[in-house]
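Enquirer: In our numbering, the protein residues as written are 690 to 1133.
All C-beta atoms in this analysis are idealised placements derived from N, C-alpha and C, irrespective of residue type, glycine included.
Mind looking over this structure? Questions follow.
This is how it looks when you write it as structure tokens:
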């Protein structure tokens, strides 16, 4: 365990033992990089605040009720929690309704979710303290609860998704009893606010980014399916299960294709979401029309509703839904050069992500390899337009607002937008003279 000079200095100021606990200990044992350091001891928050007065460290309360503090000093920040036991409302709703301080380290360990997060490191004595067998479970690479899993999940149903996230990002397996309890108690997630579910889902979707565990994000989706959680968290994805596709273009059903596409995307949230949701419009499009050509529009609408329900930001939701809506553009390579240029002009900020989605979509078909020809064409067109000096916004045009003042107010904006589109396909209007001539053709 790496004890920094700040931790060493803090421990020497402490009254009694001071412990590192949680993810910092777990990740250090596994050889993963440690970012956030959680601390614990028997001292309650008020005692810590008094203890650190006049020292290089300051303590600021995070939650008086839960006894948590932020400790700052010597260029580092630590999260501190006094030993405690927790009580939850019936049915579980993430936060304890009451806490009791003054408990020992064993009781503090048992209030935590999983054994791998319940290993302590005594900073002063440089030794591990392991009340619930977490070190053994870390070595076995297994997620197990610190108490009976039914009790742990009943207190806080969000732990079901935390279970999946930890198993995915750490490369661990699930304890069988825990897995059964999660399946049987999964509807408790309905008591959890969408923001919490969203945050855990994001951790699962980006699980491979944290510790470099290969395909951890795919493993996360597999665990969601095995524990029958997909139907609760992403019902539109679940609805794609078993939906057949044209064998000329696809080796898999829609659900498997979504997972394969998702597998082949880099760890970028909006791209991962777009990949996972890009074809969710196929079941309703096929049902309503007897064909799935309109599925991008159906899918964008469904994805927007789901992302809003999970309280994702409007900006991210807009980008994801736009990627879904556009992902079939020029799939057969029959767009004209002008159509291609106008498409790039209108969507140039999304082109890199759209190309990545097209590449993943192609690989996810199970029928083709290599980059998407349509995507390669988009990239080439974008670079060509940049080299030619094409303006991608009205601000980049060779004229400004003063140059259109002679036009009636009602058409000024239209004239500028028209010029912007024309500049994508006509080099003459990329000069000031050509732009002024183009604008002069509008009725004054």
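1. What does the alpha-carbon distance come out to for the pair residue 694 and residue 724?
2. By the 10 Å Cβ neighbour count, where 16 or more other Cβ atoms means buried, how is residue 828 classified, buried or exposed?
3. With a threshold of 16 other CB atoms inside 10 Å of the CB of residue 1056, please say whether the residue is buried or exposed.
4. Looking only at its own chain, which residues have a Cβ that is under 8 Å from the Cβ of residue 714, when we skip the five neighbours before and after it?
5. Do three or more CB pairs link the stretch 921 to 936 to the stretch 1014 to 1021 at distances below 8 Å?
6. Skipping 5 residues on each side, what residues in its chain have a beta carbon closer than 6 Å to that of residue 799?
7. State the beta-bridge partners of residue 750 as determined by DSSP.
8. Measure the C-alpha to C-alpha separation of residue 916 and residue 872 and round it to an integer number of angstroms.
9. Mapping the DSSP letters down to three states, classify residue 944 as helix, strand or coil.
10. Measuring CB to CB, does residue 1061 end up less than 8 Å from residue 946?
11. If you draw a straight line from the C-alpha of residue 769 to the C-alpha of residue 1044, how long is it?
12. Nearest-angstrom Cα distance between residue 849 and residue 842?
13. Answer with buried or exposed for residue 1038, where buried requires no fewer than 16 other C-beta atoms within 10 angstroms of its C-beta.
14. Can you name the residues that DSSP bridges to residue 809?
15. Since residue 1142 sits in a beta bridge, which residues does DSSP pair it with?
16. Between the stretch 1000 to 1018 and the stretch 953 to 960, do three or more beta carbon pairs fall short of 8 Å?
17. Just list the beta strand (DSSP E) runs in the stretch 1098 to 1126, keeping only unbroken ones of 3 residues or longer that don't cross its boundaries, in chain order.
18. Relative to the C-alpha of residue 892, which candidate in 935, 867 and 847 has its C-alpha closest?
19. Roughly how many angstroms separate the alpha carbons of residue 1122 and residue 1111, rounded to a whole number?
20. So residue 830 and residue 999 are in contact, right, with Cβ under 8 Å, and what is the actual spacing, rounded?
21. Quick one: Cα of residue 792 to Cα of residue 772, how far?
22. Can you list, in chain order, the residues of its chain whose CB lies under 7 Å from that of residue 964, leaving out five sequence neighbours each side?
23. Ends of the alpha helix (DSSP H) at residue 795?
Expert: The structure says:
1. Going by the C-alpha atoms only, they are around 16 Å apart.
2. That one is exposed.
3. Exposure of residue 1056 is indicated by the presence of fewer than 16 other C-beta atoms within 10 angstroms of its C-beta.
4. Excluding positions up to five away in sequence, the list reads 690, 808, 809, 810 and 817.
5. Segments in contact, no.
6. Here the set comprises 835 and 836.
7. 758.
8. Their backbone Cα atoms lie some 5 Å apart in a straight line.
9. Note: residue 944 maps to helix in three-state DSSP.
10. Going by C-beta atoms, residue 1061 is not nearer than 8 Å to residue 946.
11. Straight-line Cα distance between these residues: approximately 45 Å.
12. A straight line joining the alpha-carbon of residue 849 with that of residue 842 spans about 7 Å.
13. Burial state of residue 1038 is exposed, judged by a 10 Å Cβ sphere holding fewer than 16 other Cβ atoms.
14. Answer is 710 and 818.
15. The question about residue 1142 has no answer here: the residues shown for the chain are numbered 690 through 1133.
16. Output reads yes: the stretch 953 to 960 touches the stretch 1000 to 1018.
17. None, since the stretch 1098 to 1126 contains no complete beta strand (DSSP E) of that length.
18. Residue nearest to residue 892 within the set 935, 867 and 847 is 847 (criterion: CA-CA distance).
19. Roughly 14 Å separates the two Cα atoms.
20. Contact between residue 830 and residue 999 is ruled out by a C-beta separation of about 30 Å, above the 8 Å threshold.
21. Spanning the alpha carbons of residue 792 and residue 772 requires a straight line of approximately 6 Å.
22. In its chain, beyond the 5 residues on either side, 950, 951, 954, 1046 and 1049 have a beta carbon closer than 7 Å to the beta carbon of residue 964.
23. Looking at the DSSP string, the run of the alpha helix (DSSP H) that includes residue 795 is 794 to 799.
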